[in-house]
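Chemist: The C-terminal position of the sequence shown is numbered 461 in our numbering, with every residue numbered one higher than the one before it. This is the structure, below, for whatever I ask next.
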Amino acid sequence: MSVPAYPAYKDSGVEWLGAIPQGWQVKRGKHLFRSIEQGWSPQCDGFPATSVDEWGVLKVGCVNGGSFDPTENKALPAGLTPVPSLGITAGDVLVSRANTRELVGSAAYVADDHPNLMLCDKLFRLRFDESLCMAKLFAIYLGADAARGQIELEASGASQSMVNIGQGTILNLPVPLPPRGEQSAIVAFLDCETGKIDALVAEQERLMALLKEKRQAVISHAVTKGLDPNAPMKDSGVEWLGDIPEAWGVRRLKDLVHFVSGGTPSKEREEFWQGNIPWVSPKDMKKWIVTGEADGITEEAVLASSLTMIAPEAVLIVVRGMILAHSFPVALSGRQLTINQDMKAVIPSPNLASRFLAYTLVAYREAIAEFIDEAGHGTRALRMEGFGSLKIGAPPLGEQTAICDWIDEALVRLEDLNNEAKRAIAILKERRAALISAAVTGKIDVRGVVPDARQAA
5 MSVPAYPAYK
15 DSGVEWLGAI
25 PQGWQVKRGK
35 HLFRSIEQGW
45 SPQCDGFPAT
55 SVDEWGVLKV
65 GCVNGGSFDP
75 TENKALPAGL
85 TPVPSLGITA
95 GDVLVSRANT
105 RELVGSAAYV
115 ADDHPNLMLC
125 DKLFRLRFDE
135 SLCMAKLFAI
145 YLGADAARGQ
155 IELEASGASQ
165 SMVNIGQGTI
175 LNLPVPLPPR
185 GEQSAIVAFL
195 DCETGKIDAL
205 VAEQERLMAL
215 LKEKRQAVIS
225 HAVTKGLDPN
235 APMKDSGVEW
245 LGDIPEAWGV
255 RRLKDLVHFV
265 SGGTPSKERE
275 EFWQGNIPWV
285 SPKDMKKWIV
295 TGEADGITEE
305 AVLASSLTMI
315 APEAVLIVVR
325 GMILAHSFPV
335 ALSGRQLTIN
345 QDMKAVIPSP
355 NLASRFLAYT
365 LVAYREAIAE
375 FIDEAGHGTR
385 ALRMEGFGSL
395 KIGAPPLGEQ
405 TAICDWIDEA
415 LVRLEDLNNE
425 AKRAIAILKE
435 RRAALISAAV
445 TGKIDVRGVV
455 PDARQAA
């Protein structure tokens, strides 16, 4: 879509805003609000309020992404008295005052009443004089590049994981303000155009979800049924595994591998952490081939901590941690390394290929989940006795290699499609951000582009 510029512009008087259309004004935020408040953050339960009869306290993440998510809340304990004046009503704009530098100042417009959800002290609640400024337009403006740049400049804090802005950042923020009728046109235009873009992004995200399912299915079928669709089959004797090729055996995992535990060198010995031997923890298990790029320890640390050096192409798994509540990370060591106490290395016998073992563990995630138990404070732990008794299909070694080669090639094709979808999403999001910035700063004239701007009023 080609959208024209305004017929004439003038200097905004604000260097980072540049020129604005004739007829627009620049107002500070404080001249547009009826009120700005922050809330209350009592000690709450770890689960959200599930009905309008329960009170909840909003979490700062309820505004991430520029849209309001009322499910991002924590239930108020029964012993605490709610504060109705901190409830959320239609027309409110919520702004995060404390978050990472990339997210602090994130804003969202609230379209409906949520009187049972209370404002937390990490959020500002803005209420507007709608005759001067549409609340929704202001929320959109806070997400535009120009405003984001100023908010991030003013954010302060010792840690990048949590910075803060004061009320003054929002109160004194210059806002390019069109006449009230044009505000409606801009909001209607952006609702229409960003809605189209969001629909395209959702399509790509659905494709990525399908590719993820396809990846799992490709691995599972290959390591449980083999590559020859005409191969004679037999009952594996394992209910969830079903039939397997006649030439395959069925073995317990512990009869085919041995496990190596990890540990952590002393944090008090700083010299232990100045080496080049990778020390891998669950946070490093995001890639199929793990090299442990983040932390390095010394040979002295390995010896003092009784750690075992793990050879390349060992299978690495996580055996303890919150991540086991929703995943079972599996990877291969890409070089000689060590691991921490929440992991184990699974070393296969000579008649079991490491890649085949790794792909098998990926395929058997649902069966492995039966051996993962609550270990306190929301974390999980793998019961090694049950895990070791897991029965797997065991083809001849040569067939294992052929299966892994086929899986590798199939996954490359799927990854190419996944990367194409990621690139498409990135381009669409860039287009969305550019469109918003152009519209709210007057670089494009959207009057008349959307026939019925009254829908946004």
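We put the CB at the ideal spot given by N, CA and C, even for glycine.
Let me know the secondary structure DSSP gives Tyr145 once reduced to three states.
Modeler: When DSSP states are grouped into helix, strand and coil, Tyr145 belongs to the helix group.
Chemist: Taking the beta strand (DSSP E) that Phe132 falls in, what are its first and last residues?
Modeler: Judged by DSSP secondary structure, Phe132 falls within the beta strand (DSSP E) whose first and last residues are Leu127 to Phe132.
Chemist: Between which two residues does the beta strand (DSSP E) containing Gly380 stretch?
Modeler: Ile376 to Gly380
Chemist: Can you give me the Cβ contacts of Leu107 inside the same chain, cut-off strictly under 7 Å, excluding the 5 residues immediately before and after it?
Modeler: The answer, listed in chain order, is Asn68 and Ser100.
Chemist: Could you name the residues that DSSP lists as bridge partners for Ser337?
Modeler: Val294
Chemist: Could you give the residue range of the alpha helix (DSSP H) that holds Arg38?
Modeler: The continuous stretches of alpha helix (DSSP H) do not include Arg38, which lies in the beta strand (DSSP E) extending over residues Phe37 to Gln42.
Chemist: Among the candidates Ala235, Ile24, His330 and Ala221, whose CA atom is the shortest distance from the CA of Glu374?
Modeler: His330
Chemist: Can you look up Leu2 in the DSSP assignment and give me helix, strand or coil?
Modeler: The question about residue 2 has no answer, for the chain in this structure spans 5 to 461.
Chemist: Figure out for me which residue from Ser135, Ile144 and Ile92 has the closest Cα to the Cα of Cys124.
Modeler: Ile92
Chemist: Just mark Asn120 as buried or exposed, buried being the case when its beta carbon has 16 or more other beta carbons within 10 Å.
Modeler: Around the Cβ of Asn120, a 10 Å sphere holds 16 or more other Cβ atoms; the residue is buried.
Chemist: Over what stretch of residues does the beta strand (DSSP E) that includes Val167 continue unbroken?
Modeler: Met166 to Asn168
Chemist: Apply the 10 Å Cβ neighbour rule to Val61 and answer buried if 16 or more other Cβ atoms are within range, or exposed otherwise.
Modeler: Buried: at least 16 other Cβ atoms inside 10 Å.
Chemist: Would you kindly report the start and end of the unbroken beta strand (DSSP E) that includes Met122?
Modeler: His118 to Met122
Chemist: Going by CA-CA distance only, name the one from Ala315, Lys31, Leu80 and Arg427 that's closest to Thr54.
Modeler: Ranked by Cα distance from Thr54, the options Ala315, Lys31, Leu80 and Arg427 are led by Leu80.
Chemist: Look up His225 in the DSSP assignment and give the residues it is bridged to.
Modeler: BP columns for His225 are empty, so no partner.
Chemist: Can you round the beta-carbon distance between Gly418 and Leu214 to whole angstroms, since I take them to be within the 8 Å contact cut?
Modeler: Sequence inspection shows Leu at residue 418; the Gly mentioned does not correspond to that position. The pair is not a contact, with the Cβ atoms about 10 Å apart (cut-off 8 Å).
Chemist: Bridge partners of Trp410, per DSSP?
Modeler: Its beta-bridge partners do not exist; DSSP assigns none.
Chemist: Are the stretch 391 to 408 and the stretch 242 to 255 touching, with three or more C-beta to C-beta distances below 8 Å?
Modeler: yes
Chemist: Express the C-alpha separation of Ala318 and Pro352 in angstroms, rounding to a whole number.
Modeler: Pro352 and Ala318: Cα-Cα distance of roughly 8 Å.
Chemist: Residues in the same chain with beta-carbon distance under 7 Å from Lys291, minus the five sequence neighbours each way, listed in chain order, please.
Modeler: Ala335
Chemist: So, for Gly279: in the same chain, excluding its five sequence neighbours on each side, which residues have a beta-carbon less than 6 Å away from its beta-carbon?
Modeler: Within the same chain, Gly300, Ile301 and Thr302 come within 6 Å of Gly279 by CB-CB distance, once the 5 residues on both sides are set aside.
Chemist: Where does Arg101 fall in DSSP's three states?
Modeler: Residue state for Arg101 is assigned as coil, using DSSP reduced to three classes.
Chemist: Three-state secondary structure (DSSP) at Pro180?
Modeler: strand
Chemist: I need the straight-line Cα distance from Ala437 to Asp239, nearest angstrom please.
Modeler: 56 Å
Chemist: Would you call the stretch 71 to 78 and the stretch 109 to 117 in contact, with 3 or more CB pairs under 8 Å?
Modeler: The count of Cβ pairs closer than 8 Å, one atom from the stretch 71 to 78 and one from the stretch 109 to 117, reaches three, so the stretches are in contact.
Chemist: Judging by CA-CA distance, which residue of Val261, Met388 and Lys78 is the nearest neighbour of Cys66?
Modeler: Lys78
Chemist: Identify every residue that forms a DSSP beta bridge with Arg510.
Modeler: As displayed, the chain neither begins before 5 nor continues past 461, which places residue 510 out of reach and without an answer.
Chemist: Contact between the stretch 33 to 44 and the stretch 170 to 184: three or more CB pairs below 8 Å?
Modeler: yes
Chemist: Ignoring anything shorter than 3 residues or poking outside the stretch 189 to 248, list the beta strand (DSSP E) runs there in chain order.
Modeler: As far as the stretch 189 to 248 is concerned, its whole beta strand (DSSP E) runs of at least 3 residues are 237 to 239.
Chemist: Reducing DSSP to helix, strand and coil, say where Asp288 ends up.
Modeler: helix
Chemist: Given this structure, state the Cα-to-Cα distance separating Tyr145 from Trp20, to the nearest angstrom.
Modeler: 14 Å
Chemist: Is it the case that the Cβ atoms of Ile411 and Tyr363 are separated by a distance below 7 Å?
Modeler: yes
Chemist: Throw me the rounded Cβ distance for the Asp407 and Ala226 pair, which I believe falls under 8 Å.
Modeler: Residue identity check: residue 407 is Ile in the sequence provided, not Asp. Between Ala226 and Ile407 the Cβ distance is about 5 Å, and since that is below 8 Å, they are a contact.
Chemist: Would you say Pro236 touches the ligand MG, meaning its beta carbon is less than 6 Å from a heavy atom?
Modeler: You won't find the ligand MG in this model; it holds no ligand whatsoever.
Chemist: In this structure, does DSSP put Asn355 in helix, strand or coil?
Modeler: coil
Chemist: Can the beta-carbon of Pro286 be found less than 7 Å from the beta-carbon of Val264?
Modeler: no
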